[in-house]
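Numbering (UniProt numbering), first residue to last: 1 to 653.
Worksheet: the structure to be examined is printed underneath.
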């Protein structure tokens, strides 16, 4: 894949419609080579320049020092004609792609957009336009395009000087000079390298800090050992303390396991008790149902209409109390009473109860009694199982609670012993700041931290070293591009400067000193006149500063054309008034040389110095290459007479 470069738009035509500053609508068609935009002061030359930039990028506001504000244009809109929609239109190409864009002066929004003469329809043409710039012009952002337009493509009469604006010059070269794919690859690698390097340094620095602390702790430890009056050595105290702590921890683990087992058994016992209570309730309800049906088959000494026997049994079953004396009955006694009654015997005297209407039972009632009897028997069996389980659970709980109490007492005693040993250590090895035991804990913690962090740091170092190798390779590729930029730019610059200057003029290539490490050093050019590097603009005359700026910008644009094959646009508003008579002629010859390029160069100038204008474009091409903004200006009669006279002398009438 070939190199990818930012493409500077090739402006082919520019139109203004329904704008009150001008007497009518107009269109400026640009040709390859030199174009002349002819005007006078205060008729809209500078406004036209700003409109071109506005047409390309709209109301861009990200650059703090160069805000494109629609208010600059809106102030001159004819508000009496609110039905009119003033707009600017641009026709330009990016390589082989043709774009036509019309932008409202009132809103700054794109109102029409064409791609290769095909109308684009969208609810957001501005968004589509940005995409097309990226897709066909390798223009990453409107910010980059705005910067190039304002600092390279368009040079206003009172504009800045790239030679003495270091940051602007470096940014221009970065945007148009480097292969964008190579820049992106290097930028990505360098970012990863910075992140890996920062993380590795953090880890390494942290390990160094820990080791410094270790050395200080060991030194303090040795001092405490040498001055301690204790009968036991620090190691003996340490062994004793560690033994107690180990025993305490074992006891604590066993204690925790017993508490957990106790909770499990309590849960099981509570569950059983809940089921027992539920079964007792179910048995009581089933027994009542059973006796209700049974009353139709049995008779006894009690009044069957008052159900006194049922009342006696209900009290026994519900409250486990004797119905005669209120004595509390055991579960076993309640079971025996119910068993006697269920076997058709009186619970008190045990005499056989007689059947009422024997032999005349209803079959359905008998069936119900059988079903109820089966349910009661099944519940009684489950009741017995639960009672049998509950007894051993209670025994286990009693044993476990004894062990819990024993472990709790042991743990408490061990904690007392641990505190006692720590106090002995403090009393014998403390200097009032830090104790031996505290130092040992810190030393151990530091060792653990180092062992945890060291593998991470080693892994980061390996990643960093690999990234350094890859980044250096890309760095070398970018440096090769810098060499090409330097050689090509110097060659072009020498050609143009030799036309204007009688003495040799050169460029001094100074490399930016700001980038560190593997960042690419950007070349920073300064002019050399009379074998002296001009570090500041004040070291040259105004005319020299202006012509050097023109030559430098055209050289950069020609270099861009040579590298990409894309024809860039450039617009220069000249300050020919700063040149004396002799230098004005040389200025004209230099600009004429600019026009030999195969890309559109527009010179915006006043209709003032006739000899200068004659030098720029030969008479036979003048009408074809000259756009007279004068025709659309509002002038008084006196000014118009002077203008007409000058136009006639230039053969432009």
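Every residue gets a Cβ at the ideal spot worked out from N, C-alpha and C, and that includes glycine.
{"Item": "For a minimum of 4 consecutive residues, which ranges assigned as the alpha helix (DSSP H) are wholly contained in the stretch 137-187?", "Value": "142-148 and 166-177"}
{"Item": "Please state the DSSP three-state secondary structure of residue 573.", "Value": "strand"}
{"Item": "Excluding five sequence neighbours on each side, which residues of the same chain lie with their C-beta closer than 8 Å to the C-beta of residue 59?", "Value": "68, 69, 70 and 108"}
{"Item": "Taking DSSP's pairing of strands, which residues face residue 119 in a bridge?", "Value": "114"}
{"Item": "When you compare each of 219, 477, 317 and 263 to residue 280 by their alpha carbons, which one comes out closest?", "Value": "317"}
{"Item": "By the three-class DSSP mapping on this structure, what secondary structure does residue 107 have?", "Value": "coil"}
{"Item": "Could you say which of 553, 498 and 552 lies nearest to residue 530 if we only look at CA atoms?", "Value": "498"}
{"Item": "How big is the Cα-Cα spacing for residue 162 and residue 544?", "Value": "14 Å"}
{"Item": "Where does the unbroken beta strand (DSSP E) through residue 606 begin, and where does it stop?", "Value": "600-606"}
{"Item": "Quick one, are the C-beta atoms of residue 153 and residue 8 less than 8 Å apart?", "Value": "yes"}
{"Item": "Residue 194 by DSSP, collapsed to three states: which one?", "Value": "helix"}
{"Item": "Going by other Cβ atoms of all chains shown within 10 Å of its Cβ, with 16 needed for buried, is residue 565 buried or exposed?", "Value": "exposed"}
{"Item": "For residue 211, count neighbouring Cβ atoms within 10 angstroms of its own Cβ and tell me buried if that reaches 16, exposed if not.", "Value": "exposed"}
{"Item": "Would you tell me roughly how many angstroms separate the C-alpha atoms of residue 421 and residue 412, rounded to the nearest one?", "Value": "15 Å"}
{"Item": "Given residue 114, which residues of its chain have a CB within under 6 Å of its CB, disregarding the five upstream and five downstream residues?", "Value": "100"}
{"Item": "Is residue 533 buried or exposed, if buried means 16 or more other CB atoms sit within 10 Å of its CB?", "Value": "exposed"}
{"Item": "Comparing alpha-carbon positions, which option in 20, 146 and 31 lies nearest residue 43?", "Value": "20"}
{"Item": "Give the straight-line distance between the Cα atoms of residue 384 and residue 274, rounded to the nearest whole angstrom.", "Value": "14 Å"}
{"Item": "At which residues does the alpha helix (DSSP H) containing residue 53 begin and terminate?", "Value": "45-57"}
{"Item": "Determine the extent of the beta strand (DSSP E) in which residue 615 is found, giving its start and end residues.", "Value": "Here residue 615 belongs to no beta strand (DSSP E); instead the alpha helix (DSSP H) covers 610-616."}
{"Item": "Output yes or no for whether 8 Å exceeds the beta carbon distance between residue 507 and residue 527.", "Value": "yes"}
{"Item": "State the start and end residues of the unbroken beta strand (DSSP E) segment that holds residue 12.", "Value": "10-17"}
{"Item": "Quick one: measure Cβ to Cβ for residue 254 and residue 407, integer angstroms, because I've assumed they're closer than 8 Å.", "Value": "6 Å"}
{"Item": "Could you tell me the boundaries of the beta strand (DSSP E) in which residue 29 lies?", "Value": "26-29"}
{"Item": "Taking all protein chains shown into account, do 16 or more other C-beta atoms lie within 10 angstroms of the C-beta of residue 13, making it buried, or fewer, making it exposed?", "Value": "exposed"}
{"Item": "Starting from the N-terminal side, write out each stretch of the beta strand (DSSP E) that is 3 residues or longer and does not extend beyond the stretch 524-577.", "Value": "570-573"}
{"Item": "Measuring straight from C-alpha to C-alpha, what distance separates residue 510 and residue 489?", "Value": "14 Å"}
{"Item": "Can you list, in chain order, the residues of its chain with a C-beta nearer than 7 Å to that of residue 120? Leave out the 5 residues immediately preceding and following it.", "Value": "113, 114 and 128"}
{"Item": "Using the three-state DSSP reduction, which class does residue 345 fall into: helix, strand or coil?", "Value": "strand"}
{"Item": "If we count Cβ pairs, one from each stretch, closer than 8 Å, do we get three or more for the stretch 438-452 versus the stretch 244-260?", "Value": "no"}
{"Item": "For residue 480 and residue 601, I'd like the C-alpha separation in whole angstroms.", "Value": "30 Å"}
{"Item": "What distance in whole Å lies between the Cβ atoms of residue 48 and residue 629, which are believed to be in contact at a cut-off of 8 Å?", "Value": "7 Å"}
{"Item": "What are the residues that DSSP puts in a beta bridge with residue 328?", "Value": "321"}
{"Item": "Can you give me the C-alpha to C-alpha distance between residue 323 and residue 381, rounded to a whole angstrom?", "Value": "27 Å"}
{"Item": "When the Cα atoms are used, what is the spatial distance from residue 207 to residue 237?", "Value": "30 Å"}
{"Item": "According to DSSP, residue 33 sits in a beta bridge with which residue or residues?", "Value": "600"}
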